[in-house]
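Working notes for the structure below.
Written as C-alpha cells, this is what we have:
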C-alpha cells in the first residue's frame, strides 16, 4: 500500500480507527532484490549496516520475518533471525523476541524482500503478523482458552484487579479454567459437562442448567464472559438478561459468531442490544478467533 503520509502517521490513523480485522501492519522502507538462497542473508546484513543510524546503542531489537506461501527458500524465517542477531550484537544492540525498542520487519516474496524498521506499537502488535503464540497450559484440553488469554493481552485486561466472574456457556471449561488460574472466583453456567479437573476447584461454582434459566443477584460479579456458539442476536439477548448481575465498571468479554453474510451489520446489531448497559471498548478478530470476533465491554 502506497500512502501520502509517513508510516508513523499512517500508524496513528490506524490505531485511532481501532480496526476490527487488521491485527498487524509493517512499514516498507525499502525493497531488496533476493534469489531465495542463503546469499539473501548477506544482502539483509549489508542493508541493515547502512541503516544503523535508525538504532541507538543498547536498543532491544526484534527481527520479525514472514514469507509468501508456496515458495521454496534456502532458509527459514527463524534462520533469518539467527543470521541477523549476531550482527546486531556485534553492533551494540540487544536481540530480543518481545518487548523490543525497535522491530525489523521483513516480508519475503518471489524475488523481493520488503523491509522496514519501526516501533512495536506502530505495527499494531509486537507479534509477527499479529499472530500471538501462547503456551499450552498444563492439562489444557480446550483450545478456546487461548481466545480469552489473547483477549486479555490485546485489550490490556488485568484480571488480577477483579475477584469474581460469571462464565456463560462455559462448557467444556476453557474460559473458566483461565479465569480460575488468574485467581478469580468463577460461576460457570452450561448444560454441558465441564472438564473433570475443574469440578473440584475450590473457587468454582458450576450451575448445570440453561443460561436462560439462571438468575443471580444484582452486582454479584465484576467480570462476565461468554463464548457460546449460538446465533449472535440470541447470545446478545441472553447476555443482556444477566447484565444486572454485573457491577458498575465491571467488564465483559464476549465472542460474536459471524454466521451471516452481513458481518458489519451483525456486529453493529449485537452491540446495539447491549449498549443500554454496556459501553463497547473495542472489538477485534483475534488470531485465535475463527469465524467470529471478540468484543470487550465495560458496564456504564
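Numbering (full-length UniProt numbering), first residue to last: 1 to 300. Every residue, glycine too, gets a C-beta built ideally from N, C-alpha and C. Because the structure is a prediction, the values reported are computed rather than measured.
Within the UniProt domain "Ribosomal RNA methyltransferase FtsJ" (142 to 230), ranges of the alpha helix (DSSP H) (whole runs, at least 4 residues): Secondary structure in the UniProt domain "Ribosomal RNA methyltransferase FtsJ" (142 to 230): the alpha helix (DSSP H) runs of 4 residues or longer, each lying completely within the stretch, are 145 to 154, 174 to 181 and 196 to 199 in chain order.
Within the 8 Å Cβ cut-off, does residue 195 reach chain C? Of the chains in the structure shown, none is chain C; there is only one protein chain.
Minimum C-alpha distance to residue 47 - residue among 218, 255 and 117: With distances taken between Cα atoms, residue 47 lies closest to 117.
Residues of its chain near residue 221, where Cβ-Cβ distance is below 8 Å and the 5 sequence neighbours each way are ignored: Excluding residues within five positions, the ones whose Cβ falls inside 8 Å are 164, 165, 166, 187, 245, 246, 247 and 250.
Residue 27 burial status per 10 Å Cβ neighbour count (16 or more: buried): By the 10 Å Cβ count, residue 27 comes out buried.
Which word fits residue 174, buried or exposed, when buried means at least 16 other C-beta atoms lie within 10 angstroms of its C-beta? With a threshold of 16 other beta carbon atoms within 10 Å, residue 174 meets it and is buried.
In chain order, what residues of the same chain have a beta carbon less than 8 Å from the beta carbon of residue 180, not counting five sequence neighbours either side? 186, 198, 201, 203 and 204, listed in sequence order.
Three or more beta-carbon pairs under 8 Å between the region 277 to 285 and the region 14 to 23, yes or no? Judged by Cβ distances under 8 Å, the region 277 to 285 makes contact with the region 14 to 23, as three or more pairs qualify.
Is the beta carbon of residue 254 closer than 8 Å to that of residue 239? Contact flag set, yes.
For residue 83 and residue 62, the rounded distance between their alpha carbons: Residue 62 and residue 83: Cα-Cα distance of roughly 13 Å.
If you compare alpha carbons, which of 104, 39, 67 and 50 is closest to residue 60? When only C-alpha atoms are compared, the closest one is 104.
Taking contact to mean 3 or more Cβ pairs, one atom from each stretch, closer than 8 Å, check whether the region 148 to 164 and the region 288 to 297 are in contact. The region 148 to 164 vs the region 288 to 297: in contact.
Do you know how far the Cα of residue 50 is from the Cα of residue 30? Cα to Cα, the separation comes out at about 12 Å.
Which whole-angstrom value is the C-beta distance of residue 176 and residue 194, which I expect to be below 8 Å? Contact annotation, residue 176 with residue 194: C-beta distance approximately 7 Å; criterion of less than 8 Å satisfied.
With burial defined as no fewer than 16 other Cβ atoms inside 10 Å of the residue's Cβ, what is the status of residue 300: buried or exposed? Exposed, by the Cβ-count rule.
Cβ pair count under 8 Å reaching 3, the region 90 to 99 against the region 72 to 79: Pairwise C-beta distances place the region 90 to 99 out of contact with the region 72 to 79, as fewer than three of them are shorter than 8 Å.
C-alpha distance - residue 192 paired with residue 230, whole-angstrom precision: Each residue's alpha carbon lies about 14 Å from the other.
Report the partner residues of residue 298 according to the DSSP bridge assignment. DSSP lists 251 and 279 as partners of residue 298.
Considering only C-alpha positions, which residue in the set 293, 258, 122 and 160 is nearest to residue 6? Among 293, 258, 122 and 160, the Cα nearest to that of residue 6 is on 122.
Backbone secondary structure at residue 85 - three-state DSSP: Helix, per DSSP.
Using the Cα positions of residue 295 and residue 35, report the straight-line distance between them to the nearest angstrom. Residue 295 and residue 35 have their C-alpha atoms spaced approximately 43 Å apart.
Just the C-alpha distance for residue 153 and residue 14, rounded to the nearest angstrom, thanks. Rounded to the nearest angstrom, the two C-alpha atoms are 19 Å apart.
In the structure shown, what three-state DSSP assignment does residue 30 receive? In the structure shown, residue 30 sits in a strand (DSSP, three-state: E or B).
So what does DSSP say about residue 58, is it helix, strand or coil? The three-state reading of DSSP puts residue 58 in coil, since its state is none of H, G, I, E or B.
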